[in-house]
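Just below is one structure, and these are the notes that go with it.
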Amino acid sequence: SDDGELDPTLLDRQIRSLDHRGLDGRGTWHNGPVGLGHQMLHVTPDSLTATLPWRDPASGLAITADARLDNRTDLLGELSLAGSENQALPDSLLILKAYERWGEDCARHLLGDFAFAIWDGRRRELFCATDAMGLRPLFYYSGPGLFAFASEIRALHAIPAIARKPDLRSLADLGMPGQPAYDASATFFEGVRSMAAASSLIVTSRGLTQREYWAPDGSRRLDLASEADCVEAFRELFSDAVRVRLRSAFPVASMFSGGLDSSAITGTAADLMAPQRLIGLSAVLPPGETHTAHDERAYIDQLNKSNLHVDYVCDPWRGPFDTIDQLMASAEMPGCPSTHYLNTAMAEAAGRHGARAVLNGMGGEASATFHGAGVMAEWLKEGEFGLLARELRARSALEKRSMAGLAKGEVLRPLLPPWLISRWKPRFDLEQARRSSVIRPDFVRRQMGSERRRESGAIADGRIVADHRENQINMIGHYRTNGRRLLNFGTFVGHEKIEMRAPFFDRRIIEFCLALPADMKVRGGYRRYMTRAAMQGTLPETLRWRTDKTPYSPDFHIRYNRQLKQARDAVERCVRTPLIDEVVDVNRLLKLLDYRMTGNRGNTPQEFAAMHTVPRALYLLSFLKTFA
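Numbering (the numbering used here), first residue to last: 15 to 642.
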């Protein structure tokens, strides 16, 4: 606040709005115009003794943080704190010491997932920072005489001066699938901003200063002599990325689907933890449904580690239309995965085992298991004709696809301009998302006007260029913008009780794999080669070299059809507010609800609409209702 004295009741209102996060206590601190608050969740051993907010009388610095640091040993050494008496220092105090040493450059020295704010009383400024992949959120509001921030938007709206209104341009963005967001820091609430990944923010009475302290660099190359050197270097790095994420004062669980990414993490974690038990959380079909769909249990059971205890999660009566209002209130955005019911079941299973830290395989395609998109066109441009021919033949044999079809998709398409691709063969999911959308086109036009947004070239919007590193950077950028939403928000009810940890989002892994030679990403017809090579001895060969994957929820169609009446009733009962009528074509949605699914792949227009458009439309309706 600029008026010289913070009203402590405002801070109290904010902190009380987040009581669901504070399983292990809460605290506040204020002095003059500034106040900090914290809701405590114990996960790491050092968090058991942490007190937040914390103020250091000697330096005049005060901190609150949502943080897990993964380079504690290195930091203790760099900060001359390597003695045994400092080994248990909470992560928040290490961040404070780093700020004392390096000032606003401190975030460059931190590895892990974090969002923190430091009040520097001597400089009269607030310093905030987020981690490299933006996995811990920090939302803020800046207005006349007031700056407020929080881990959840509801804490900002607990302040009477901050009106809770929808951001109409962000809602209109939902009607333009595949396009880059008009403003990546915008939220779905007017006036509320989201700090970007790898960014810092300095707040003073003169205003706000923002900057990015890290971005993926496609110009770097590894200086390693051989494939064996690459594999060994990656194996050590990946093992450490998993090891540091096992740091917990409670049991650890790992989401394990039987695919390459989750198997690599779970197998590595089990080896590192032995003989201590690792809990595997695996989604499988309910008994009796194997005649209509197939799950991954045959692959899951092949990871035979003596200390791996697999909890087979099915919860047959859950579905995409369960607990929608609670999910939207939790997510604070109009969307979540349509398979959220399994994530809810996973969270509850983790809780039954007493786990608060859960490993997750998300993000592999941005780093170690990048598919090598664009690499064959790149080889053609570079004159690597022999290598290109060998890889086309190997891929054709492995995937049972024609050489001509592969050449069209993998060699020719990345060389074509985007306008021609969109006419020739638009990406199926994006085309169907546009065609089946229930967001009114006239609403989108009114909000976006004639604005033509930049062509991003991102894999996420269906365009691939003849430069595999550029494509990989675009995929990393997609996750830097959306990773925390996918990992933490709208994924399951009660997310605040579980800390998701994603080793593939480790900044070191991303930098290493971006700098890898192309033939360590695509080799012998296999995509994702680096991880396959490094998992020798950790995974059985059937998991290491498998190229197929069953959907996360193979019985989605059964659950969807079972809840169709529930979904239709919810739409028909929905009070049609002016905002809902402005944004959503409810009659079109009701027509889409007439269709019953026949499979779980979403590979026809009707199936795609049922699997994606209909659930998203109901989530959007639930979100819009909150503004009545």
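Beta carbons are placed, not taken as given, at the ideal position from N, Cα and C, and that holds for glycine.
{"Query": "Start and end residues, alpha helix (DSSP H) containing GLY388", "Result": "From DSSP, GLY388 is part of no alpha helix (DSSP H); its letter is neither H nor E."}
{"Query": "Validate contact between the region 119–126 and the region 218–232 using beta carbons, cut 8 Å, 3 pairs", "Result": "yes"}
{"Query": "Pair within 8 Å by beta-carbon distance, ARG494 and LEU251", "Result": "no"}
{"Query": "Buried or exposed by the 16-neighbour rule on C-beta atoms within 10 Å, applied to ASN374", "Result": "buried"}
{"Query": "Own chain partners of ALA96 with C-beta closer than 6 Å, once the 5 adjacent residues on each side are dropped", "Result": "LEU90"}
{"Query": "Whether CYS328 touches VAL298 by CB criterion (8 Å)", "Result": "yes"}
{"Query": "One or two residues paired with PRO180 in a DSSP bridge", "Result": "PHE203"}
{"Query": "Distance between beta carbons of PRO151 and LEU317, contact taken as under 8 Å", "Result": "About 33 Å; that fails the 8 Å criterion."}
{"Query": "First and last residue of the uninterrupted alpha helix (DSSP H) at PHE570", "Result": "570–576"}
{"Query": "Beta-carbon proximity list for ARG630, same chain, < 7 Å, skipping 5 on both sides", "Result": "GLY349"}
{"Query": "Cβ-based neighbour list, THR640, same chain, cut-off 8 Å, excluding 5 preceding and 5 following", "Result": "MET342, ALA343"}
{"Query": "Secondary structure, alpha helix (DSSP H): runs of 4+ residues fully inside the region 331–370", "Result": "338–345, 354–366"}
{"Query": "Alpha-carbon to alpha-carbon, PRO517 and MET347", "Result": "26 Å"}
{"Query": "Span separating the alpha-carbon of GLY504 from that of MET611", "Result": "Low local confidence applies: a pLDDT of 48 at GLY504 is under 50, so the model's placement there is unreliable, and no value is given."}
{"Query": "Chain-order list of residues whose beta-carbon lies under 6 Å from that of ARG466 (same chain, five-residue window excluded)", "Result": "Since pLDDT at ARG466 reaches only 48, below the 50 mark, its modelled position is unreliable, and no value is offered."}
{"Query": "Option nearest ASN485 by Cα separation, candidates ARG576, ARG499, ALA387", "Result": "ALA387"}
{"Query": "contact_flag[the region 553–568, the region 283–291] where n(CB pairs < 8 Å) is 3 or more", "Result": "no"}
{"Query": "Close Cβ partners of HIS171 (< 7 Å) along its chain, the five nearest in sequence each way excluded", "Result": "ARG178"}
{"Query": "Alpha carbon of GLY117 to alpha carbon of ASP145, nearest angstrom", "Result": "16 Å"}
{"Query": "From ALA131, HIS56, TYR326, residue whose alpha carbon lies closest to that of ASP38", "Result": "HIS56"}
{"Query": "Host beta strand (DSSP E) of TRP133 (start-end)", "Result": "126–134"}
{"Query": "ASN321 burial status per 10 Å Cβ neighbour count (16 or more: buried)", "Result": "exposed"}
{"Query": "Residue environment, SER636, which counts as buried when at least 16 other CB atoms sit within 10 Å", "Result": "buried"}
{"Query": "Boundaries (first-last residue) of the alpha helix (DSSP H) holding ALA112", "Result": "105–116"}
{"Query": "Inside the region 420–453 only - alpha helix (DSSP H) runs reaching at least 4 residues", "Result": "432–438, 442–450"}
{"Query": "For TRP228, the residue or residues it bridges with in DSSP", "Result": "For TRP228, which the question treats as bridged, DSSP gives no partner whatsoever."}
{"Query": "Contact the region 178–190 vs the region 125–137: 3+ CB pairs below 8 Å", "Result": "no"}
{"Query": "Presumed contact (8 Å Cβ cut-off) between VAL628 and LEU606, rounded CB distance", "Result": "5 Å"}
{"Query": "DSSP state of ILE523 mapped onto helix, strand, coil", "Result": "helix"}
{"Query": "Reduced DSSP secondary structure (H/G/I, E/B, other) of LEU83", "Result": "strand"}
{"Query": "Where MET549 falls, given that 16 or more other Cβ within 10 Å makes a residue buried", "Result": "buried"}
{"Query": "Neighbourhood of ALA474 by C-beta distance below 6 Å, restricted to the same chain and skipping five residues each side", "Result": "Confidence at ALA474 is low in this model, with a pLDDT of 42, below 50, so the placement of that residue is unreliable and no value is reported for it."}
{"Query": "DSSP state of GLU621 mapped onto helix, strand, coil", "Result": "helix"}
{"Query": "Boundaries (first-last residue) of the alpha helix (DSSP H) holding ASP285", "Result": "274–287"}
{"Query": "Neighbourhood of PHE622 by C-beta distance below 6 Å, restricted to the same chain and skipping five residues each side", "Result": "GLN446, GLY616"}
{"Query": "LEU233 and MET625 closer than 8 Å at C-beta", "Result": "Leu is not the amino acid found at residue 233; the sequence shown has Ser there. Not closer than 8 Å, so no."}
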